[in-house]
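Below is one structure; the comments refer to it alone.
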Amino acid sequence: SQKIEQNSEALNIQEGKTATLTCNYTNYSPAYLQWYRQDPGRGPVFLLLIRENEKEKRKERLKVTFDTTLKQSLFHITASQPADSATYLCAPMNTGFQKLVFGTGTRLLVSP
Amino acid sequence: DGGITQSPKYLFRKEGQNVTLSCEQNLNHDAMYWYRQDPGQGLRLIYYSQIVNDFQKGDIAEGYSVSREKKESFPLTVTSAQKNPTAFYLCASNGRTGNTGELFFGEGSRLTVL
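Going line by line, the protein sequences match chains A and B.
If you're matching positions, the first sequence starts at 1 in the working numbering and goes up one per residue.
If you're matching positions, the second sequence starts at 1001 in the working numbering and goes up one per residue.
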């Protein structure tokens, strides 16, 4: 069956460091992979999408990589700030319309 | 402003009662979704709809029902058959043509069964 795995343990880092979050998937052949941010008690907000033919995508302090051989995406936040503290969710997706399935998310805590 | 509006934000119900959660969008999106989120867990798909008057079950549809009579609206009814209805419910939408499937979420409805 299809499975999306994100580290369920919270990631604690110090302000200014780079945070790296992992998304592993099995029994998927996604054409795209999306990343979302969710704050407590709020709906998720879309951050980035990376296509299968893109190795890396950047947006300001965010960087996403996509390795279809390893079936893994890495999400990096450079120069992290306390305001980056949130839960980050990944969602692999195929081409065409489909139901979107999310990973369980990883909580990031950035300390001053 | 375009977006998705969910109501109510907080809802309490007694066991055995049905309750309907509202979801309205003015983004002109074809597709709409309902997810459930339990504390410390990810989003689980309840129902989704690709187009008006059509919807499909997601992974945890038992005890829930939906309708899609208008493009803008996708209400979710939590019935008394749902054994553990206390949860955070999220509605989302996305367009189908010329886009990458980005989901737009509402602010959620928190249902508590007393």
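From the three backbone atoms N, C-alpha and C, an ideal C-beta is built for every residue, glycine too.
field: Residues near LEU49 of chain A by beta carbon distance below 6 Å, same chain, minus five either side
entry: TYR32 and GLN34
field: Residue span of the beta strand (DSSP E) that contains HIS76 of chain A, given as start and end
entry: 72-77
Environment of SER1007 of chain B [buried if 16+ CB atoms lie within 10 Å]: exposed
field: Between the CA atoms of THR26 of chain A and GLY1040 of chain B - distance to the nearest angstrom
entry: 22 Å
TYR1048 of chain B: contacting residues in chain A (beta-carbon distance under 7 Å): LYS99
- prompt: Residue range of the beta strand (DSSP E) that ASN7 of chain A falls in?
  reply: It is not in any beta strand (DSSP E) - ASN7 of chain A carries neither H nor E in the DSSP assignment.
- request: Figure out for me which residue from B:GLN1037, B:ASN1053 and B:SER1067 has the closest Cα to the Cα of ARG1110 of chain B.
  value: B:GLN1037
query: Between the stretch 1015-1026 of chain B and the stretch 86-103 of chain A, do three or more beta carbon pairs fall short of 8 Å?
result: no
- request: Thinking GLY1108 of chain B and GLY43 of chain A are a contact (beta carbons under 8 Å), I'd like their distance in whole angstroms, please.
  value: 5 Å
message: Does chain A have any CB closer than 8 Å to the CB of GLY1098 of chain B?
response: Residue placement at GLY1098 of chain B is flagged as unreliable, the pLDDT there being 49, under the threshold of 50; a coordinate-derived value is accordingly withheld.
- request: Closer than 9 Å, Cβ to Cβ, to anything on chain A: give me those residues from the stretch 1005-1032 of chain B, in chain order.
  value: GLN1006, ASP1030 and ALA1031
message: Per the DSSP calculation, PHE1105 of chain B is bridged to which residue(s)?
response: Under DSSP, PHE1105 of chain B shares a beta bridge with B:ALA1092.
query: So is THR18 of chain A buried or exposed if we call it buried at 16+ other beta carbons inside 10 Å?
result: exposed
task: Using DSSP bridges, identify the partner residues of GLU1024 of chain B.
output: B:THR1005 and B:SER1073
field: Cβ of ILE46 of chain A within 8 Å of any chain B Cβ
entry: Note on residue identity: the sequence assigns Phe, not Ile, to residue 46 of chain A. Yes, PHE46 of chain A lies at the interface with chain B (some Cβ there is under 8 Å from its Cβ).
query: With C-beta atoms as the reference, is TYR1064 of chain B less than 8 Å away from TYR1048 of chain B?
result: no
Residue burial classification, LEU70 of chain A (beta-carbon count within 10 angstroms, cutoff 16): exposed
- prompt: Can you give the Cα-Cα distance for THR106 of chain A and ASN1018 of chain B, rounded to whole angstroms?
  reply: 33 Å
task: May I ask you to report which of helix, strand or coil DSSP gives ALA19 of chain A?
output: strand
query: What whole-angstrom Cβ distance do ILE13 of chain A and SER73 of chain A have, given they're in contact under 8 Å?
result: Contact flag wrong, Cβ pair sits at about 19 Å.
- prompt: For the beta strand (DSSP E) that contains THR65 of chain A, what are its first and last residues?
  reply: Here the beta strand (DSSP E) through THR65 of chain A covers 62-67.
- prompt: So who's on the other strand from VAL1113 of chain B, going by DSSP bridges?
  reply: B:ARG1013
query: With distances taken between CB atoms, is the gap from PRO82 of chain A to GLU9 of chain A smaller than 8 Å?
result: Not a contact, by the Cβ cut-off of 8 Å.
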